[in-house]
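Here is the structure we will look at, set down as structure tokens.
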Amino acid sequence: MPKKVIILLLGVFVFASGCSLAPEYTRPDSPVPGQWPKGEAYKSEKANAAIPAAHALKWQDFITDQKMHKVIEMALANNRDLRLAALNVEKARAMYGIQQTERLPSLSVTGSGAEQRKAFDLTEPGKPRNVKKYSVDFGVMAWEIDFFGRLTSLADQALEEYLATEEARRSAHALLIAGISKAYFSLAADRDNLKLAQSTLRAQQASYDLIKKSHKNGFATKIDLSRAKTQVESARRDVPRYTQLVAQDLNALNLLAGTTVPEDLLPSGLDSISTPKALSPRLPSEVLLNRPDIIAAEHHLKGANAYIGAARAAFFPRISLTSTVGTASGELSDLFASRNGNWSFVPTISMPIFDARTWAALRVSKAQQKIVLTQYEKAIQTAFKEVADALAVRGTINQQVSAQQSLVAAASETYRLSNKRYTIGIDNYLSVLDAHRALYQQQQILITLKLSELGNRINLYAALGGGAV
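In mature numbering (1 follows the signal peptide of the UniProt record, and there is no 0), the protein residues as written are -22 to -1, 1 to 447.
Structure, rendered in structure tokens:
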């Protein structure tokens, strides 16, 4: 009989393992156009098959600056956010393992020994008052047979959540590479701004000293001297401001790196950094579905779909089995004698008749599935916007930088001529101050545009799914 019970249990397990009431999953239609936006901002955007797709381009090949390579490697080894993401993956994997084992029978072995002394009046004549009992049992305890796929659906949900967590780790990896690259660029830009402020202060101080000398000799007015002093103090104010920004940029870089970045790995300015490689956008359908955040959102959607199956299964009977095989004896020496074997087979069925909570749970699961579907669609729309924005910047930033470089050259010439006209007495010093102020502002704008150009390459790489491992 025990052999028949074991065969029955195995047969039930095989039969029940393939059942599920979860709705069939179908990937939703994309809520974004099949092509990237077109227009003046995108006129230079054409797919180039010779350039690898961003998601297939390793960050080591995309980032060409060797110092940045070392800083990024430091961050990947030490960043706490990335470490937390990896630990969350381990946790999700363990949770999936727990849920997976819920479908398997739990086998246990129990042994016991007891001795009881009965009251004299309750003891049958000729029977001993001391009663001993020893037993050993092996069996399955309250194993739920998954006829209607409740446990299968819960295991499927746990699997999808685990896979989503893994994609979240990949997304964190990509975001860290993008974040530390842009922090590196920001530090370089502010170091350029600091050097510009320092050189401007030196130039203004030299001009002030000359005007002060001319004023003593009666060749410069007091208002010219006052205006020159104003420019000196304005430049003097910018030096500590950019000194502060450089320090804050370095703090941000060290935080992302998870350790202190050595000075020899830091950039001296934007021109010292090798430009990341150019990228070619593919079609949205190819690009967006390779982003780890969108893959994670789809896993969440599949998980919500599976949970509906578990909620539906709650309306059907729940069957569990308890079965044991063992031996029992009043004497320890006879415990394993063949005549003392015993077994039990106890199936249990629980049939829901009416439970409002079951209906409510089903409604909740369906509402949750709609919420996750909306989040999935929103993730795709957000990704589309991020790529489109980066493409718009890429289509126009070179023109902006080129125009700004011409503007800086023109402002520099204006300042030179204004200074010359003041020296020979044609103009007053106000025109010199205005020309120098304009030059200083245009030089700052040029630094900002160069930073935007580098940062946008990183933004486009991340938006196209690059940097995920």
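Each residue gets a CB set at the ideal place from its N, CA and C atoms; glycine is no exception.
DSSP places Asn195 outside both helix and strand once states are collapsed to three, so it counts as coil. In this model, Leu266 and Glu139 are separated by some 20 Å (Cα to Cα). Every alpha helix (DSSP H) stretch that sits fully inside the segment 58 to 89 and reaches 4 residues is listed by chain position as 58 to 79. The criterion of a C-beta distance shorter than 7 Å is satisfied by Ala274 and Ala142. Taking a 10 Å sphere around the C-beta of Glu145, we find 16 or more other C-beta atoms and assign the residue as buried. For Ala19, the CB contacts under 6 Å within the same chain, skipping 5 residues up- and downstream, are Ala370, Gly373, Thr374 in chain order. Collapsing the DSSP output to three states places Thr300 in a strand.
Less than 7 Å separates the beta-carbon of Ala136 from that of Met73. The three-state secondary structure of Thr326, taken from DSSP, is strand. Across the set Leu(-2), Thr253, Gln38, the C-alpha of Leu(-2) shows the shortest separation from the C-alpha of Thr130.
At the C-beta level, Ile297 and Ile327 come within 7 Å of one another. A direct Cα-to-Cα measurement between Glu51 and Ser8 gives close to 36 Å.
Rounded to whole angstroms, the gap between the alpha carbons of Ile404 and Asn397 is 10 Å. The beta carbon of Lys363 sits closer than 8 Å to no other beta carbon from its chain once the five residues preceding and following it are set aside. Of the candidates Leu442, Leu411, Gly443, Leu411 places its Cα closest to the Cα of Asp202.
Here the segment 173 to 192 lies against the segment 206 to 216, with 3 or more beta-carbon pairs under 8 Å apart. Where Ser(-3) is concerned, there is no enclosing alpha helix (DSSP H), because DSSP gives it neither an H nor an E. Fewer than three pairs of CB atoms, one per stretch, sit closer than 8 Å, so the segment 82 to 91 makes no contact with the segment 151 to 158. Beta-bridge partners assigned by DSSP to Lys111: Ala92.
Ile272 sits close to Ala361, with the two beta carbons spaced by under 7 Å. Remark: C-beta atoms of Leu429 and Phe163 approach each other more closely than 7 Å.
Around the beta carbon of Ile123, a 10 Å sphere encloses 16 or more other beta carbons of the protein chains shown; the residue is thus reported as buried. Residues of the same chain with a CB within less than 6 Å of the CB of Thr401, apart from the 5 flanking positions on each side, do not exist. Between Leu427 and Val379, the C-beta spacing is below 7 Å. For the 7 Å CB-CB criterion, Leu60 and Ala150 form a contact. Boundaries of the alpha helix (DSSP H) around Pro262: 262 to 265.
When C-alpha distances from Glu2 are compared across Ile331, Asp43, Ala282, the shortest belongs to Ala282. Inclusion of Ala53 and Ile158 in the CB contact set at 7 Å is warranted, their separation being smaller than that value. In this structure Val365 is buried. Its beta-carbon is surrounded by 16 or more other beta-carbon atoms within 10 angstroms. Cβ contact annotation for Gln382 (same chain, cutoff 8 Å, sequence separation greater than five): Gln420, Ile423, Leu424, Leu427, in chain order. Taking the Cα positions, Thr4 is about 32 Å away from Ile331. Per DSSP, Glu241 has no beta bridge partner at all. Sequence-distant Cβ neighbours of Gln77 in its own chain, meaning closer than 7 Å and more than five residues away, are Leu132, Ala133, Ala136.
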